[in-house]
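Number of protein chains: 2
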Amino acid sequence: MSLSARDKRTRLVDAGARLVHQQGFHRTTLADVAETSRVPLGNVYYYFKTKEALGEAVIEQYVSQYESLRSTWDAKPNPKARLKAFIQASVDNPEVLARSGCPLATLSSELRKDNGHLADCATRLFADALAWIEKQFRQLGKSKGKARALAVHLLSAVEGAAVLSHNSGTPKYAVQEAKLLREWIETL
Amino acid sequence: MSLSARDKRTRLVDAGARLVHQQGFHRTTLADVAETSRVPLGNVYYYFKTKEALGEAVIEQYVSQYESLRSTWDAKPNPKARLKAFIQASVDNPEVLARSGCPLATLSSELRKDNGHLADCATRLFADALAWIEKQFRQLGKSKGKARALAVHLLSAVEGAAVLSHNSGTPKYAVQEAKLLREWIETL
DNA sequence: GTCTATAGGCAGATAGAC
DNA sequence: GTCTATCTGCCTATAGAC
Chain A
9 MSLSARDKRT RLVDAGARLV HQQGFHRTTL ADVAETSRVP LGNVYYYFKT KEALGEAVIE
69 QYVSQYESLR STWDAKPNPK ARLKAFIQAS VDNPEVLARS GCPLATLSSE LRKDNGHLAD
129 CATRLFADAL AWIEKQFRQL GKSKGKARAL AVHLLSAVEG AAVLSHNSGT PKYAVQEAKL
189 LREWIETL
Chain B
9 MSLSARDKRT RLVDAGARLV HQQGFHRTTL ADVAETSRVP LGNVYYYFKT KEALGEAVIE
69 QYVSQYESLR STWDAKPNPK ARLKAFIQAS VDNPEVLARS GCPLATLSSE LRKDNGHLAD
129 CATRLFADAL AWIEKQFRQL GKSKGKARAL AVHLLSAVEG AAVLSHNSGT PKYAVQEAKL
189 LREWIETL
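Quick note, the sequences are listed as chains A and B, same order.
Letter by letter, the first sequence follows residues 9 to 196 in the numbering used here.
Letter by letter, the second sequence follows residues 9 to 196 in the numbering used here.
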């Protein structure tokens, strides 16, 4: 793969991720992606045999982006600081959140209704996050079962607040909930 | 409108709601809805000028179904019982929740990414629920600001757990979170 | 009000020249 | 590897007979 080819592939996945977040997967056409990436439509198929394959690449990009985010949080000195960094990140971009929702949740929600391969791929979107959060609670001395329940509780709260903010078009729910959750973490 | 016409319209909206929940709005074709309702495709357009109009009717059906649910919860003797009935209802049908997600949240998530009229209609899906929950907390003696925050917190938790269950394809997250939330209500 | 047939347009995918 | 042109099928919507 040439340098230019890698570059094009990257541009396609970046544009795909952005457009899918804004418009949803089904409403985003390969023509949209091609135009945004400044790649001719026919050439898209050199990099991705099908639209589904591009969808898979977008999912993988999300997965590795969040992996990389978590690795920066892992540099924080203690579990509470790491959890608060996670919570804070969920409202890092409040206007985008209000306009398009959580990128992971909205994509998962859409793809899980398709039957087939993409629906299965979408499952990866939350599994790692849940495991990472659980690990932080373990390090706070919680039992295995308790840590799992707390992780589910925290991720639920963050994602649910994103749903409300997206539905209403205002960031206030997510911002308010994030504040509450950060305070809650302090009390543990 | 004849009896038969009313019946057909009802069948179309019912089938539309079910199919949209299972497949999503964009992937559900009017041919799908027509076939499920045993109404010839061309005749669908007598009842709904456009697909968007059918979508609006589906939203309105959800809104009034949940209104009706809340009115049965209002018959409960006290706010805690009413809130627990709400929480319980969110996991009434765990397998369906795991397979297709929360009907309201997944539809809202999808439609809010369209620009235009349906995106605006989708906003109605959560506004009433939030107001009703807030009222229950007020009746538990919470201040106005506090009641609002608690309502956001509760609805977030329920919807977030639905996201996790839908994403993973297992009801366990929603069921576990519902149990936790019911216990939490008791402590208030 | 009901239904058949079909127009019209769009999006995924391919052919094939360069 | 790149790009133009185009095929194919599907889906919304309409025309028009009954």
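For every residue, glycine included, the Cβ atom is placed at its ideal position computed from N, Cα and C.
At least one CB of chain A closer than 8 angstroms to the CB of B/Val21: is that the case?
Residue 21 of chain B sits at position 13 when you count from the first residue of the second sequence. No, B/Val21 does not count as interfacial toward chain A.
Anything in chain A within Cβ reach of B/Glu64, meaning under 8 angstroms, just list it in chain order.
The residue you call residue 64 of chain B lines up with position 56 of the second sequence. By Cβ distance, chain A contributes nothing, its closest Cβ being about 16 angstroms from B/Glu64, past 8 angstroms.
Can you check which of these residues, B/Ile141, B/Asn175, B/Val160 and B/Asp122, is closest to B/His34 by C-alpha distance?
As a working mapping, residue 34 of chain B is identified with position 26 in the second sequence. Of the candidates B/Ile141, B/Asn175, B/Val160 and B/Asp122, the one whose C-alpha sits nearest the C-alpha of B/His34 is B/Asp122.
Quick one: residues in its chain with C-beta nearer than 6 angstroms to the C-beta of B/Leu91, no 5 flanking neighbours on either side, listed in chain order?
Here residue 91 of chain B refers to the residue found at position 83 when the second sequence is read from its first residue. Excluding positions up to five away in sequence, the list reads Gln144 and Ile193.
Less than 8 angstroms between CB atoms is the rule here; does A/Asp122 satisfy it with respect to chain B?
Here the question's residue 122 of chain A lines up with position 114 in the first sequence. Cβ-Cβ to chain B under 8 angstroms: yes for A/Asp122.
Does the segment 168-185 of chain B touch the segment 161-177 of chain A, meaning 3 or more C-beta pairs lie closer than 8 angstroms?
yes
Could you confirm whether any beta carbon from chain B is found closer than 8 angstroms to the beta carbon of A/Val199?
This structure cannot speak to residue 199 of chain A, because chain A is shown only from 9 to 196.
Taking Cβ-Cβ distances shorter than 7 angstroms, what residues in chain A pair up with B/Gln184?
Stepping through the second sequence from its first residue, residue 184 of chain B is reached at position 176. Result: Ala157 and Val160.
Is the distance from the Cβ of B/Ala25 to the Cβ of B/Tyr55 below 8 angstroms?
Reading the second sequence from its first residue, position 17 is the one you call residue 25 of chain B. Reading the second sequence from its first residue, position 47 is the one you call residue 55 of chain B. No, Cβ-Cβ distance for B/Ala25 and B/Tyr55 is not below 8 angstroms.
Short CB-CB distance (under 8 angstroms) between A/Arg146 and chain B:
By one-based count along the first sequence, residue 146 of chain A stands at place 138. So no, A/Arg146 is outside the interface.
Which residues, in chain order, does the segment 103-136 of chain A contribute to contact with chain B at a C-beta distance below 8 angstroms?
Ser108, Gly109, Ala113, Thr114, Ser116, Ser117, Glu118, Arg120, Lys121, Asp122, Ala130, Thr131, Leu133, Phe134 and Ala135
So, with DSSP's three-state summary, where would you put B/Lys16?
Locating residue 16 of chain B in the second sequence gives position 8, counting from the first residue. In this structure, B/Lys16 counts as helix in the three-state DSSP scheme.
Could you give the first and the last residue of the continuous alpha helix (DSSP H) run that contains A/Ala137?
Here the question's residue 137 of chain A lines up with position 129 in the first sequence. First-last of the alpha helix (DSSP H) with A/Ala137: Arg132 to Gln147.
Within the 8 angstroms Cβ cut-off, does B/Asn175 reach chain A?
The count along the second sequence starts at 1 and reaches residue 175 of chain B at position 167. Judged by the 8 angstroms Cβ criterion, B/Asn175 is in contact with chain A.
Alpha carbon to alpha carbon, how far is A/Glu195 from B/Thr195?
Translated into the one-based positions of the first sequence, residue 195 of chain A becomes position 187. Translated into the one-based positions of the second sequence, residue 195 of chain B becomes position 187. Correcting the residue type first, residue 195 of chain A is Thr in the shown sequence and not Glu. Cα-Cα distance, rounded: 17 angstroms.
Name the chain B residues that come within less than 9 angstroms of A/Ser164, Cβ to Cβ?
The residue given as residue 164 of chain A occupies position 156 in the first sequence. Correct list: Ser164, Ala165, Val166, Glu167, Gly168, Ala169, Ala170, Val171, Leu172, Tyr181, Ala182 and Glu185.
Contact under 8 angstroms by Cβ, B/Val160 with A/Gln184
By 1-based counting over the second sequence, the position of residue 160 of chain B is 152. By 1-based counting over the first sequence, the position of residue 184 of chain A is 176. Cβ distance < 8 angstroms, so B/Val160 and A/Gln184 count as in contact.
Exposed unless 16 or more other CB atoms sit within 10 angstroms - verdict on B/Ser164:
In the second sequence, the residue the question calls residue 164 of chain B occupies position 156. Its Cβ being crowded by 16 or more others within 10 Å, B/Ser164 is buried.
Identity of the residue in A/Leu133, A/Lys88, A/Gly124 and A/Glu142 nearest A/Cys110 by Cα
Position 102 of the first sequence, counting from 1, holds the residue named residue 110 of chain A. It is A/Leu133 whose Cα lies nearest to the Cα of A/Cys110.
Along the segment 24-40 of chain A, what residues have a CB closer than 8 angstroms to any CB found in chain B?
Gln30, Gln31, Gly32, His34 and Arg35
By a C-beta neighbour count over all protein chains shown, 10 Å radius and 16 as the cutoff for buried, is B/Asn101 buried or exposed?
In the second sequence, counting from the first residue as 1, residue 101 of chain B sits at position 93. With fewer than 16 other Cβ atoms within 10 Å, it is exposed.
Between the C-alpha atoms of B/Ala104 and A/Lys59, what's the straight-line distance to the nearest angstrom?
Counting from 1 along the second sequence, the entry for residue 104 of chain B is found at position 96. Counting from 1 along the first sequence, the entry for residue 59 of chain A is found at position 51. For clarity, residue 104 of chain B is Val in the given sequence; the question names Ala instead. Spanning the two alpha carbons is a distance of roughly 28 angstroms.
When you compare the segment 151-158 of chain B with the segment 146-155 of chain A, are there three or more beta-carbon pairs, one atom per stretch, that lie closer than 8 angstroms?
no
Under 7 angstroms Cβ to Cβ from B/Ala127, same chain only, skipping five residues before and after it: list those, please.
Here residue 127 of chain B refers to the residue found at position 119 when the second sequence is read from its first residue. Excluding residues within five positions, the ones whose Cβ falls inside 7 angstroms are Leu119 and Arg120.
For A/Arg190, report the span of its alpha helix (DSSP H) as first-last.
For the purposes of this step, residue 190 of chain A is taken as the residue at position 182 of the first sequence. Its alpha helix (DSSP H) spans residues Lys180 to Thr195.
If we cut at 8 angstroms on Cβ distances, does B/Leu188 have a partner in chain A?
Looking up residue 188 of chain B in the second sequence gives position 180. Judged by the 8 angstroms Cβ criterion, B/Leu188 is in contact with chain A.
Use the C-beta contact count for A/Thr80: other C-beta atoms within 10 angstroms, 16 or more gives buried, fewer gives exposed.
Here residue 80 of chain A is taken as the residue at index 72 of the first sequence, counted from 1. Burial call: exposed.
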